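Numbering (the UniProt record's numbering), first residue to last: 1 to 701. Reading through the C-alpha cells given below for one structure.
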Amino acid sequence: MVFDISIFPSHFPTTKTAIPKFPANPKTFILEKCKTTKDLNQVHASLIKTRLLHHPAAAEPLLEAAALLLPDSTIDYAFSIFRKLEHPDASAYNIMIRGFTKEQSPQKSILLFRQMIEQLVRPDPFTYSGILKAISKLGALKEGEQIHAHVLKSMEKFDRSEFVENSLVYMYASCGQLQSARKVFDEMSERSPVAWSSMFSGYVRCGYWLEVVGLFRKMRGMGIYFNETTLISVFKACGRLGDLELGEWIHEHAVANGLMKNDNLITSLVDMYAKCGRLETARRLFDSMPSKDVIAWSAMISGYSHSDQRREALAIFHEMQRANVKPNEVTMISVLSCCGVLGALETGKWVHSYIKRKKLKLTVNLSTALVDFYAKCGCVDIALELFHAAPSKSVWTWTALIQGLASNGRGETALEYFNLMVEENVEPNEVTFIGVLSACNHAGLVAQGCTYLARMSRDFGIEPKVEHFGCVVDMLGRAGLIEDAYSLITKMPLKPNAVIWRTLLASCRLHKKPEIAEEALKQVARLEPTHSGDYILLADAYASAGRLGDAAKVRDEMKKMGVEKKKSPGCSYIEVGGVVHEFLAEDKGHPEVYEAVHEVMERIKRGGYEPDTMRGRAEAVGEGDKEASVAHHSEKLAMAFGIIRTGEGTTVRVYKNLRMCSDCHNAAKVISSVYRREIVVRDRSRFHHFKDGSCSCHDFW
DNA sequence: ATAGGGTTAG
1 MVFDISIFPS HFPTTKTAIP KFPANPKTFI LEKCKTTKDL NQVHASLIKT RLLHHPAAAE
61 PLLEAAALLL PDSTIDYAFS IFRKLEHPDA SAYNIMIRGF TKEQSPQKSI LLFRQMIEQL
121 VRPDPFTYSG ILKAISKLGA LKEGEQIHAH VLKSMEKFDR SEFVENSLVY MYASCGQLQS
181 ARKVFDEMSE RSPVAWSSMF SGYVRCGYWL EVVGLFRKMR GMGIYFNETT LISVFKACGR
241 LGDLELGEWI HEHAVANGLM KNDNLITSLV DMYAKCGRLE TARRLFDSMP SKDVIAWSAM
301 ISGYSHSDQR REALAIFHEM QRANVKPNEV TMISVLSCCG VLGALETGKW VHSYIKRKKL
361 KLTVNLSTAL VDFYAKCGCV DIALELFHAA PSKSVWTWTA LIQGLASNGR GETALEYFNL
421 MVEENVEPNE VTFIGVLSAC NHAGLVAQGC TYLARMSRDF GIEPKVEHFG CVVDMLGRAG
481 LIEDAYSLIT KMPLKPNAVI WRTLLASCRL HKKPEIAEEA LKQVARLEPT HSGDYILLAD
541 AYASAGRLGD AAKVRDEMKK MGVEKKKSPG CSYIEVGGVV HEFLAEDKGH PEVYEAVHEV
601 MERIKRGGYE PDTMRGRAEA VGEGDKEASV AHHSEKLAMA FGIIRTGEGT TVRVYKNLRM
661 CSDCHNAAKV ISSVYRREIV VRDRSRFHHF KDGSCSCHDF W
C-alpha cells in the first residue's frame, strides 16, 4: 500500500531523532485531513512515520475522527490507536467511552471507565456525561447510582456541572426511576431548556405522556423559553395521547415563532398528526419537506400502518426506494408489520433478504418484527428459527412468538415457551397473557387456561382486563361449558362489554343453548343496539336447537326494530408476484384478479354455502352426507381457485377474511393435493397452511 | 465533547 505522506507539510521531519513541530492548531489540521476512512489511514500512517502518534495532541483528533466523526467510523480501529497510547489522558478516555456507547457497546464504555479509575486518571465532566449516557443505554441503575455518588463527591471541582446534572436526569429516567430524575431536576439551581428536555425525554421514554403534557403546561406557566427540541417531546406525547388540540396549538405556536425550519420538528409533527388520525395533514407536512430523511419516511410509513392503510404504507415504502433513501431497521419494523397483517409473504421475504444483504442490525424490535411477520404468515418454523437466532430478546419478542404459535395451532408449544420465558426471568405483560390464554383456547386446554387466568394477578401482579376474560369466555364456550362461561361473565370484577357477550352468544349458537343466548342478546343489544349480527346469532341458536319458530320471530323482530342486516364487506388479500391486491366486496379495481375472486364468492353463494352458516349445514346433513358436502364444496372452490393462474413458480395465496368452517379447510386440503401447490387460508385470527394435502395445524382440527 | 425525532403484541 502506498501512503501519501505529502498530506503533512514537507518541513515535518521524518527522522527518528528530530522533535516534531505541530501546526498551530493540530486538531483542526488533522480533522480537516480526515474526511474518509482512507484519509484517516493515510494520516495515521504519517503520524506513525513522523513519530507524532504518541503525542496526545495529534493522537486524540485521530481517535476522535475514528471513533466519533467519520460516517463509517469503526470503534475497533479507534481502539487500536487508543491501545498504543502510553498514558491516555481523560480526553482520550472520553472519546473512547463515547465511541463505544455510540457503537452500541455501552458495557465496554463501563469497562473502560473502570480501567480509567484504576489507572488513576481523573474523570472530568465530559467523562461523567459520557459514562452516564452508557449507563442510560444499559438501564444499569446500580452503576448509575455509583456514578452519582462519584459526582457528588467531586462536584465542587467542576465549574460547570449542568451537563452532568442533565445526564443524571436522563440516566435516572432511562432506568425508570422517574422520581429520582425529577428530584435531581427539581434540585438543579439553574434549568436550561436542555434540562427540561432531559426531563421530558425521560417521561417520554417511560411512556408517561400525561406527565409530559403536565410539565409542559407548568413550563409555559413559568414563562420559560422552549425550543424545537422541547416541542419534539411534547408532540410525541400529544400523538400518543391523541391530544390533537394541544398538538395543533403548539404547531401554531411553532409557526408563529419561526421554528418550522427544523426538519426534525416537522417529522415529529408528521408523526403526531398521523397518530391523531389526521393522515391528510401529516401527508401535507411530509410532502412539504424539501428533503426527507429515512426518519421522515419511516414516520409516514408507520403513520399509514397505524391508520389501517397498510397498502398505502407499502406504496410509500416503494416510493422511498425510488427516492433512493436507504431504509433502516426502524423502517423495516413498520414494513414487516404491514406485510404480516396483509399476509404479503413475498414482500416480507424480500425485506428479510434485504436486511441480511445490507447487514441491518438485528435489534430487539427488528427481530420481534421478523418473528411476528413470519408467524402471521403462517411460517411458524421460520419464526421459531429467527426467535432462536435473535441476538437479543425482549418481552415483545417472546410475546410475538407465543402469540404466533398460539394462532397457528401450536398451543402446547406456546405454553412451553411461556414457561421458558418465566424461567429466563423475562417479565410477562398483559399482552403476553393474551397470547397464553389464546394458546389455551386454540389448543383446547381449558383447565390450564383457567389456571393461567388466576395466576395472572396472583403470580405476576397483572390484573386481567376484559380482553383476558374474553379469551377465557371464548375458550369455555368453544368447549361447550356455556354455563361456566356465563357465570364467569357475571362474576368477573369488570363490566362486561358487548364483545364478551357476543362471544358467549356465538358459543350458544355452536352448542345449541338458546336460553343463555336470549340473555346474552339482551345484554349485547343494550350495549350496542345496532349490531345486526347479534340477532342472527340468536336466530341461529334457536335454529340449531330446532326452535325454528323462535328463529323466524327474531328475524321478524329485527326487521320491525329497523336493525338493518348490514353485511360487513368481505375483504380478501391476494398476493401475486409480490403485489398485494386488497379487495372489498364488489371492488372492481383489480381486473386481473377480480374476476377470480368474484367467481369464488358467486360459487359459494350459488352453492348455498354462506360461509357463516356452512358449519350448521354440514352438521344438519349428517355424517355420511357431510363427506359429499365437503367434496361438493371443494370442487366449487377448486374451480374458482383454478381460475387464478400465474406464471410458473409463483405462489398464489388466497386470504379470505371470512369466518371459515372446518369444511373450508378440508376443501383447501383437497385443492392443494389436486393442484400440488401451497394454499394458505386465513381467517381473522388463524393461518392454516396446506401443502400437498397436509395441514400444518392438523392437530388443532 | 451534555439533551431531542421514527418502531414492536390481542
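Where is the CB? At the ideal position from N, CA and C, for every residue including glycine. Remember, it's a predicted structure, so these values are computed and weren't measured experimentally.
- The straight-line gap separating the alpha-carbon atoms of S457 and T451 is approximately 11 Å.
- In terms of Cβ geometry, E145 and I135 do not form a close pair [threshold 7 Å].
- When C-beta atoms of the stretch 470 to 488 are compared with those of the stretch 428 to 445, three or more pairs fall below 8 Å, so the two segments count as touching.
- For the 7 Å CB-CB criterion, A67 and I95 form a contact.
- Judged by DSSP secondary structure, V151 falls within the alpha helix (DSSP H) whose first and last residues are 141 to 154.
- Taking the Cβ atoms as the reference, V151 lies roughly 6 Å from Y128, within the contact range of under 8 Å.
- In the structure shown, D287 falls within a helical segment according to DSSP collapsed to helix, strand and coil.
- The closest CA to that of D263, considering only A274, T397, G242, D287, is found on D287.
- Note on K376: 16 or more other CB atoms within 10 angstroms of its CB, so buried under the neighbour-count rule.
- For K275, the secondary structure class from DSSP, reduced to helix, strand or coil, is helix.
- Within its own chain, the residues whose Cβ lies closer than 7 Å to the Cβ of E86, once the five positions on either side in sequence are excluded, are H54, listed in chain order.
- Every alpha helix (DSSP H) of 4 residues or more that sits fully in the stretch 453 to 479 is shown, in chain order, as 466 to 478.
- Here DSSP, grouped into helix, strand and coil, assigns S167 to helix.
- Annotated as proximal: P125 and F163, with beta-carbon spacing under 7 Å.
- Taking the Cα positions, S46 is about 42 Å away from P290.
- With a 10 Å radius around the Cβ and a threshold of 16 neighbouring Cβ atoms, Y374 comes out buried.
- Looking at the backbone, the Cα of L40 and that of Q107 are separated by about 27 Å.
- Cβ-Cβ distances below 6 Å link D459 to nothing in the same chain once the five nearest sequence neighbours on each side are left out.
- For A323, no alpha helix (DSSP H) segment is defined, and its DSSP state is neither H nor E.
- The alpha-carbon separation between E252 and L505 amounts to approximately 50 Å.
- Only residues of its own chain outside the window of five on either side were considered, and among them G480, I482 have a CB closer than 7 Å to the CB of H511, listed in chain order.
- Per DSSP, the continuous alpha helix (DSSP H) segment holding N94 begins and ends at 90 to 102.
- Shortest Cα-Cα distance from F433 to any of E412, E228, E467 involves E467.
- Inclusion of L488 and A517 in the CB contact set at 7 Å is not warranted, their separation being larger than that value.
- Around P428, the same chain offers V395, W398, T399, F418, M421, V422, V436, F460, I462 as residues with beta carbons nearer than 8 Å, after the five sequence neighbours per side are excluded.
- G130 counts as buried, since at least 16 other C-beta atoms from the protein chains shown sit within 10 angstroms of its C-beta.
- For M222, there is no enclosing alpha helix (DSSP H), as DSSP marks it with neither H nor E.
- When the alpha-carbon of V341 is set against those of T50, V364, M300, G404, the nearest one is in G404.
- Annotation: the continuous alpha helix (DSSP H) that includes V255 extends over 244 to 256.
- Bounds of the alpha helix (DSSP H) holding D76 are 75 to 84.
- The three-state secondary structure of C206, taken from DSSP, is helix.
- Contact between the stretch 244 to 258 and the stretch 290 to 305 is absent: fewer than 3 CB-CB pairs across the two stretches fall below 8 Å.
- In this structure, L132 sits near S167, with a CB-CB distance shorter than 7 Å.
- The Cβ-Cβ distance between V270 and A237 does not fall below 7 Å.
- For D484, the closest alpha carbon among the candidates K513, D89, T101 is that of K513.
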